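Participant: These protein sequences, in sequence, are chains A and B. Taking the numbering used here, I'd label the letters of the first sequence as residues 1 to 166. Taking the numbering used here, I'd label the letters of the second sequence as residues 167 to 332. Virtual Cβ for every residue (Gly too), placed ideally from N, Cα, C. Here the structure is a predicted model, which means the values were calculated and not measured.
Protein chains: 2
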Amino acid sequence: MSLNAVFEGVGAAVAADVGNAKASVQVSQELAGLMECHGTTGTGHRVVVDEPQSLGGGNKGATPLEYALAALGSCQLITYRLWADRLGIRFDKLAVEVEGDLDVRGVFGLDPKVRPGFGAVRVKLRISGPEPRARYEELQRAVDAHCPIFDALRNATPIQTELKLG
Amino acid sequence: MSLNAVFEGVGAAVAADVGNAKASVQVSQELAGLMECHGTTGTGHRVVVDEPQSLGGGNKGATPLEYALAALGSCQLITYRLWADRLGIRFDKLAVEVEGDLDVRGVFGLDPKVRPGFGAVRVKLRISGPEPRARYEELQRAVDAHCPIFDALRNATPIQTELKLG
């Protein structure tokens with residue numbers, strides 16, 4: 001199945017009414033143990049998050065930082081699929097390794113100059129298929145221009161937090 | 167169990183050698199279906215990502231965007247737990263709802279002025295417990311200053327992508 005039908009369907013819906021371009025992504029979670037978090041996503045999937053025992057957790061699920069990198073890696077893979085179909089670029093296999101550098105002084109407040117987030121993230125993709133190198137490089141440029149989580153991390157995303165009691 | 171022991175352990179390790187502050191977060195994933203992604207995290211957890219049927223996927227797992235928001239929500243919850251113990255602030259229940267606004271024109275290349283990532287993200291926390299409001303507000307400030315994924319999204323994160331053939 002080609003995903004060009006998805007591109008065409010989205011394009012037609014947005015052409016009919018630009019309001020159709022607006023989407024909302026939602027997740028609900030609660031602290032269900034010392035650090036274990038249970039949650040459900042808008043598409044109905046359950047997500048369990050925890051910390052490893054070395055950090056006092058129960059290791060019942062991947063960590064928040066691992067999920068963030070898994071979001072990035074999978075967003076890259078899926079955007080490769082979408083844009084490969086769009087650009088008529090064939091491939092057989094695609095895999096990714098994502099690695100993030102953390103300095104825990106930021107998280108634990110040991111040095112106010114150290115940021116709590118990733119100091120750097122490396123995304124290493126491996127693709128195989130019948131196309132010449134230049135076409136896969138064209139695909140990489142298209143993906144990095146259109147991948148939502150790549151953009152959300154690489155550029156500042158406006159976030160508001162609100163705390164209610166009760 | 168109080169997580170102050172974790173703070174103390176990390177603090178002592180970093181005081182002994184600042185190199186102990188460096189950590190690496192890792193995830194490996196591959197495209198295992200049209201858009202279905204299978205992966206494993208550094209702490210040994212399997213993560214399945216997919217797209218809903220409305221976007222041509224099989225809905226076998228949450229989407230990359232949902233996982234990104236789940237990473238943010240759970241990172242907030244866990245950082246609340248850590249810093250509540252650090253600051254001596256008691257609470258009974260803590261839950262979060264995270265919502266992200268997306269304009270799909272960015273992802274599908276329908277308008278180069280529209281970013282592919284989230285236009286805005288709202289994090290709505292609800293806490294209950296015996297402390298006065300001011301203490302929970304103090305906790306919120308400490309969390310938002312030290313939460314890794316909040317920082318990674320709110321501020322620009324350096325990311326490199328590399329594509330290899332074969």
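1) For G227(B), tell me which candidate among Q242(B), G205(B), S240(B) has the shortest Cα-Cα distance.
2) My output table needs one value for T206(B): the three-state DSSP class, helix, strand or coil.
3) CB-CB under 8 Å to K290(B), same chain, minus the five flanking residues each way: which ones, in chain order?
4) For chain A, find out if any of its Cβ atoms is closer than 8 Å to the Cβ of P218(B); answer yes or no.
5) If the cut is a Cβ gap below 8 Å, which residues of chain A does G185(B) touch?
6) So, helix, strand or coil for T245(B), using DSSP?
7) Taking CB distances under 8 Å as the criterion, tell me whether P282(B) reaches chain A.
8) What residues from chain A crowd round A286(B), counting only those whose CB sits closer than 9 Å?
9) State buried or exposed for L253(B), treating a residue as buried only when at least 16 other CB atoms are found within 10 Å of its CB.
10) Can you pull the chain B residues whose beta carbon is under 7 Å from the beta carbon of R105(A), in chain order?
11) Are any of the Cβ atoms in chain B nearer than 8 Å to that of R126(A)?
12) What's the call for A181(B), buried or exposed, on a 16-neighbour Cβ count within 10 Å?
13) Does the distance from the C-beta atom of Y233(B) to that of A32(A) stay below 8 Å?
14) Please give the ranges of any alpha helix (DSSP H) in the stretch 273-327 of chain B, keeping only runs that are unbroken, at least 4 residues long and fully inside the region.
15) Quick one, which residues of the stretch 227-241 of chain B are near chain A if we go by CB-CB under 8 Å, in chain order?
16) Looking at A21(A): is its Cβ nearer than 8 Å to the Cβ of V287(B)?
17) So with Cβ pairs under 8 Å, would you call P314(B) a contact of chain A?
18) Please look up how many angstroms separate the CB atoms of G119(A) and N321(B), rounded, as I've assumed it's under 8 Å.
19) Beta-carbon of L221(B) versus every beta-carbon of chain A: anything under 8 Å?
20) Quick one, which of V280(B), A300(B), L231(B) has its alpha-carbon nearest A145(A)'s?
Facilitator: Looking at the atomic coordinates:
1) Residue 227(B) sits at position 61 when you count from the first residue of the second sequence. Looking at the Cα atoms, G205(B) is the closest of the given residues.
2) On the second sequence, position 40 is the one that residue 206(B) refers to. Reduced to three states, the DSSP call for T206(B) is strand.
3) Taking the first residue of the second sequence as position 1, residue 290(B) is located at position 124. Once the five neighbours on either side are set aside, the close Cβ partners of K290(B) are V262, E263, V264, E265.
4) As a position in the second sequence, residue 218(B) is number 52, starting the count at 1. Chain A, which has a Cβ nearer than 8 Å to the Cβ of P218(B), makes this yes.
5) In the second sequence, the residue the question calls residue 185(B) occupies position 19. Per Cβ cutoff of 8 Å: no residues; G185(B) is ~10 Å from chain A at best.
6) As a working note, residue 245(B) is residue 79 in the second sequence. It is helical.
7) Mapped onto the second sequence, residue 282(B) falls at position 116. Yes, P282(B) lies at the interface with chain A (some Cβ there is under 8 Å from its Cβ).
8) The residue you call residue 286(B) lines up with position 120 of the second sequence. Within 9 Å Cβ-Cβ: T157, P158, I159, Q160.
9) The residue you call residue 253(B) lines up with position 87 of the second sequence. Counting Cβ neighbours within 10 Å, L253(B) comes out exposed, since fewer than 16 surround it.
10) To locate residue 105(A), count along the first sequence from 1; it is residue 105. Under the 7 Å cutoff, chain B gives V180, A187.
11) Here residue 126(A) refers to the residue found at position 126 when the first sequence is read from its first residue. Closer than 8 Å: yes.
12) Working through the second sequence from its first residue, we reach residue 181(B) at position 15. When all chains shown are included, A181(B) counts as exposed.
13) Translated into positions along the second sequence, residue 233(B) becomes position 67. Translated into positions along the first sequence, residue 32(A) becomes position 32. No, the Cβ-Cβ distance between Y233(B) and A32(A) is not below 8 Å.
14) 299-312, 314-320
15) G227, A228, T229, P230, L231, E232, Y233, A234, L235, A236, A237, L238, G239, S240, C241
16) Residue 21(A) sits at position 21 when you count from the first residue of the first sequence. Residue 287(B) sits at position 121 when you count from the first residue of the second sequence. The answer is no: Cβ separation not under 8 Å.
17) Taking the second sequence and counting its residues from 1, one reaches residue 314(B) at position 148. True, the Cβ-Cβ gap to chain A drops below 8 Å.
18) On the first sequence, residue 119(A) is found 119 positions in, with the first residue counted as 1. On the second sequence, residue 321(B) is found 155 positions in, with the first residue counted as 1. Actually they are not in contact, since the Cβ atoms of G119(A) and N321(B) sit about 12 Å apart, beyond 8 Å.
19) Along the second sequence, one-based indexing puts residue 221(B) at 55. So yes, L221(B) belongs to the interface.
20) For the purposes of this step, residue 145(A) is taken as the residue at position 145 of the first sequence. The shortest C-alpha separation from A145(A) is found at V280(B).
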